[in-house]
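Report on one structure; see the data block that follows.
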Amino acid sequence: MSTLRFKALETVLTRTTPEVKRPSSKISDYFGENVFDKHKMQEYLPKDTFKAVLNSIESGSTIDREIAEQVSSAMKAWAMSNDVTHYTHWFQPLTGTTAEKHDSFFEPDSDGKAIEKFSGSALVQQEPDASSFPNGGIRSTFEARGYTAWDPSSPAFIFNKTLCIPTVFVSYTGESLDYKAPLLKAIAAIDKAATEVCQYFDKGIEKVIPSLGIEQEYFLVDLALFNARPDLSITGRTLFGHASAKGQQLEDHYFGSIPERVYAYMRDFETEALLLGIPLKTRHNEVAPSQFECAPLYEEMNLAIDHNQLLMDLMDKVAKRHNFKVLLHEKPYAGINGSGKHNNWSLITNTGKNLLSPGKTPKNNLMFLTFFVNTIKAVHEHADLLRASIASVSNDHRLGANEAPPAIISIFLGTQLNDVLDEIESSKAIFKKVKEDPNLWFGIPKIPQILLDNTDRNRTSPFAFTGNKFELRAVGSSANSANAMTVLNTIVADQLNKFKIEVDKLIKKGDKKDVAILTVIKKYIKESKDIRFEGNGYSDEWAEEAAKRGLSNIKTTPKALDALASEKSETLFETNGVFTKRETHARHEILLEEYFKKLQIEARVIGDLVTNLVIPAAIKYQTQVAENIKLLKDLGYGSDMFQAQTYILEELATHLNFIKTNVHEMVEARKVANKLQDIREKSIAYDETVKSFFEPIRYHVDKLELLVDDQIWPLPKFRELLFVK
């Protein structure tokens with residue numbers, strides 16, 4: 001009973017639920033209190049400066065240095081009024097996490113006296129030293145310089161008593177070294193392309209803003225149990241563990257009553273999030289035991305992603321106050337559902353119209369169909385690139401499994417919209433004269449009024465239309481959504497640009513505008529039909545059908561990432577001003593390196609746990625069984641009296657021998673893979689060779705878990721990790 005496992009269990013059983021107090025009973029009283037938002041800018045800034053900053057945020061123009069000085073002074077005054085002594089440029093390097101280097105407002109003046117200072121130059125730009133961040137060959141190791149530059153469109157906030165200023169992160173020569181810079185470029189690209197297409201329908205539309213709502217799934221585990229599982233603490237997932245007799249099969253956890261400790265934790269991190277202006281709206285139990293979800297209201301995409309990155313950090317920090325650990329790994333436990341991060345994407349105009357919301361008039365429906373069909377066409381044209389954007393070693397556990405969207409990229413529309421597109425496609429003629437009367441418009445034959453919730457939900461589809469938005473369900477729970485959203489915005493922007501060129505050509509030839517638009521839409525519907533699928537994405541039949549349609553089914557990351565570095569993708573990104581060729585290849589290299597390094601770590605942890613914990617525990621029990629057999633023999637009993645013990649002894653030996661042999665072979669395979677110089681070859685070697693040992697070793701370790709005396713087994717079991725509150 002003295003093992004770390006049992007000490008952890010004893011600790012868990014003594015846990016109490018901390019009291020959580022909110023600043024007010026009304027969220028509206030404290031929402032955004034720790035954010036230097038428009039209201040606080042208006043309070044702290046001169047009127048003209050405030051207007052200049054708002055204009056810069058809305059137009060994307062550069063804020064001049066004089067204005068920056070006034071903003072920095074106001075930020076410092078506001079921050080210091082909240083007991084803040086330090087500031088940081090908060091950025092999102094290609095590690096997938098956030099980064100920060102804190103500097104004090106304190107500076108000695110020329111007389112040696114202490115003053116608080118925060119200049120405009122410190123606000124606008126910093127040099128945090130980029131030498132140790134992933135760069136994919138963009139910089140040499142000795143070229144340490146990297147710069148962070150203020151993003152005025154994402155407001156500064158106070159976190160851990162530090163003024164945090166959202167920034168981009170670029171190299172000395174200007175290449176992107178983060179997730180935010182290319183996202184902002186992709187947002188600008190879709191704004192320009194979509195606005196130009198909107199001019200066909202409404203001259204008052206001057207800006208289009210991509211909107212995003214991110215649903216965040218996560219697991220909770222008691223901190224003591226987490227620390228007693230080296231695999232969880234190092235890799236984020238359990239590399240061993242036999243399934244609990246009760247898992248999710250009764251479906252009783254989903255939307256069930258939230259456990260008291262978890263409820264207190266949720267209230268605590270929600271309060272902190274609301275203070276930071278993160279508009280959390282929803283909380284509930286998810287499908288798997290100890291799995292939960294939170295979701296905010298929709299926001300402008302750049303801000304939504306900043307908020308999600310901040311939320312993940314916040315959830316982890318608050319969890320420690322409640323003696324929990326948040327697990328954001330896509331598959332922390334084998335045999336039960338993993339976690340995703342559903343990205344709900346739409347396009348909103350400066351006039352407040354959702355371009356993916358069906359309209360009540362034919363004119364509005366044609367506008368809706370324009371953006372709807374162009375999105376479908378974009379995903380069809382660049383499905384492999386979209387697949388690459390959600391690829392990671394941890395997300396590979398979900399994609400293609402019978403619990404999450406498959407690795408085959410397809411689009412679910414629902415029966416009504418499918419029928420509408422089929423009818424447009426099969427229409428034999430498009431009228432040359434289109435009536436302007438909204439009640440008598442023949443451009444789209446027999447089209448009904450399209451209702452907001454016109455589709456059922458299809459959880460097996462990686463990209464589904466859900467009434468007034470597309471939901472990219474395949475993003476992993478630990479991922480930075482900027483990667484997938486940069487790709488989605490870029491491919492749709494590119495497609496809209498091509499659409500406008502084709503429509504303008506037809507108009508120039510003499511076609512009426514609406515006829516030209518519908519002609520191109522009809523063409524796109526036919527060309528992209530293969531990507532549409534309404535059935536069960538988990539089925540074997542769909543995999544067979546997808547192959548017939550020519551759709552890719554790339555199950556693992558190294559080969560999925562090929563699409564990122566293809567000539568087609570290079571042209572796409574360069575044409576739309578999102579990535580240079582050099583930046584594209586750098587990201588490809590960074591993602592491959594991350595992939596094999598994470599598998600390398602998992603392989604090492606498997607070796608360590610087997611050698612230092614599993615085998616010693618099994619041998620200890622084996623010795624006890626052998627001593628029992630010897631005792632019975634010495635007492636004169638025949639072999640029929642210890643058949644069970646003999647069977648157990650043989651089973652233990654079989655599993656031990658397999659584990660020891662295969663761990664040795666895995667180590668040798670790792671040595672071979674490590675010698676490969678080509679990073680893609682190394683990643684594939686880890687994927688196809690080293691990783692191939694993981695499941696067989698796990699199978700035999702899990703069998704030992706069932707055989708070895710519970711008092712001896714060293715690792716907390718699934719029934720304890722998932723059900724001990």
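Number 241 in the UniProt record's numbering belongs to position 241 of the sequence shown; there are no gaps in the numbering.
C-beta: ideal position from N, C-alpha, C; glycine also.
Measuring only the C-alpha atoms, how far is residue i from residue j?
i	j	result
residue 328	residue 672	31 Å
residue 82	residue 27	20 Å
residue 516	residue 197	13 Å
residue 308	residue 508	46 Å
residue 728	residue 321	One cannot answer for residue 728 here, as it falls past the ends of the chain, which runs 1 to 725.
residue 622	residue 94	48 Å
residue 426	residue 502	21 Å
residue 202	residue 331	46 Å
residue 662	residue 607	10 Å
residue 450	residue 296	Interpretation of residue 450 is limited by its pLDDT of 49, a score under 50 that renders its predicted location unreliable; the figure taken from the coordinates is listed afterwards. Taking the straight line from one Cα to the other gives about 27 Å.
residue 684	residue 571	26 Å
residue 693	residue 660	12 Å
residue 488	residue 192	15 Å
residue 573	residue 351	29 Å
residue 513	residue 97	47 Å
residue 256	residue 64	53 Å
residue 213	residue 311	13 Å
residue 587	residue 474	20 Å
residue 568	residue 411	22 Å
residue 431	residue 519	Bear in mind that a pLDDT of 47 at residue 431, under 50, signals an unreliable position, so the number given afterwards is only what the model happens to contain. Going from the Cα of residue 431 to the Cα of residue 519 covers about 10 Å.
residue 215	residue 294	6 Å
residue 505	residue 135	42 Å
residue 6	residue 620	17 Å
residue 599	residue 106	44 Å
residue 253	residue 189	43 Å
residue 210	residue 617	55 Å
residue 73	residue 121	11 Å
residue 381	residue 690	34 Å
residue 461	residue 409	8 Å
Could you spell out the range, first to last residue, of the beta strand (DSSP E) harbouring residue i?
i	result
residue 326	324-327
residue 283	280-285
residue 108	106-108
residue 172	Per DSSP, residue 172 belongs to no beta strand (DSSP E) and is neither H nor E.
residue 89	86-90
residue 157	157-159
residue 471	470-472
Over what stretch of residues does the alpha helix (DSSP H) that includes residue i continue unbroken?
i	result
residue 44	38-44
residue 464	No alpha helix (DSSP H) contains residue 464, which is instead part of the beta strand (DSSP E) from 463-465.
residue 508	482-509
residue 634	615-634
residue 575	567-575
residue 734	Residue 734 is absent from the structure shown; the chain starts at 1 and stops at 725.
residue 318	301-321
Does the CB of residue i have a neighbour CB from chain D at under 9 Å?
i	result
residue 624	No chain D is present in this structure, which holds just one protein chain.
Could you tell me which residues DSSP pairs with residue i in its beta bridges?
i	result
residue 296	280
residue 209	348
residue 148	126, 169
residue 541	Partner(s): none; residue 541 has no beta bridge.
residue 354	348
residue 218	292
residue 99	91
What is the C-beta distance between residue i and residue j, in whole angstroms, given that I count them as a contact (C-beta under 8 Å)?
i	j	result
residue 563	residue 407	In fact, because the Cβ distance is near 12 Å, the residues do not count as touching under 8 Å.
residue 479	residue 418	No, residue 479 and residue 418 are not in contact; Cβ-Cβ is about 30 Å, not under 8 Å.
residue 349	residue 205	5 Å
residue 184	residue 302	6 Å
residue 164	residue 90	4 Å
residue 471	residue 482	Their Cβ separation, rounded to whole angstroms, is 17 Å, which puts residue 471 and residue 482 out of contact at 8 Å.
residue 391	residue 557	4 Å
residue 492	residue 378	5 Å
Sufficient close CB pairs (3 or more, under 8 Å) joining the stretch 382-396 to the stretch 239-259: They do not touch, by the three-pair rule.
Three-pair Cβ contact test at 8 Å for the stretch 619-638 versus the stretch 124-135: no
Segment contact, 8 Å Cβ cut-off, at least three pairs: the stretch 212-232 with the stretch 711-719: yes
Three CB pairs or more closer than 8 Å across the stretch 652-659 and the stretch 674-684: no
Stretch pair the stretch 264-278 + the stretch 167-180: three plus CB contacts closer than 8 Å: no
Any 3 or more C-beta pairs closer than 8 Å across the stretch 517-537 and the stretch 209-225: no
Stretch-stretch touch, CB-based, cutoff 8 Å, three pairs: the stretch 232-241 with the stretch 596-613: yes
Validate contact between the stretch 628-641 and the stretch 698-708 using beta carbons, cut 8 Å, 3 pairs: no
Stretch pair the stretch 151-158 + the stretch 31-38: three plus CB contacts closer than 8 Å: yes
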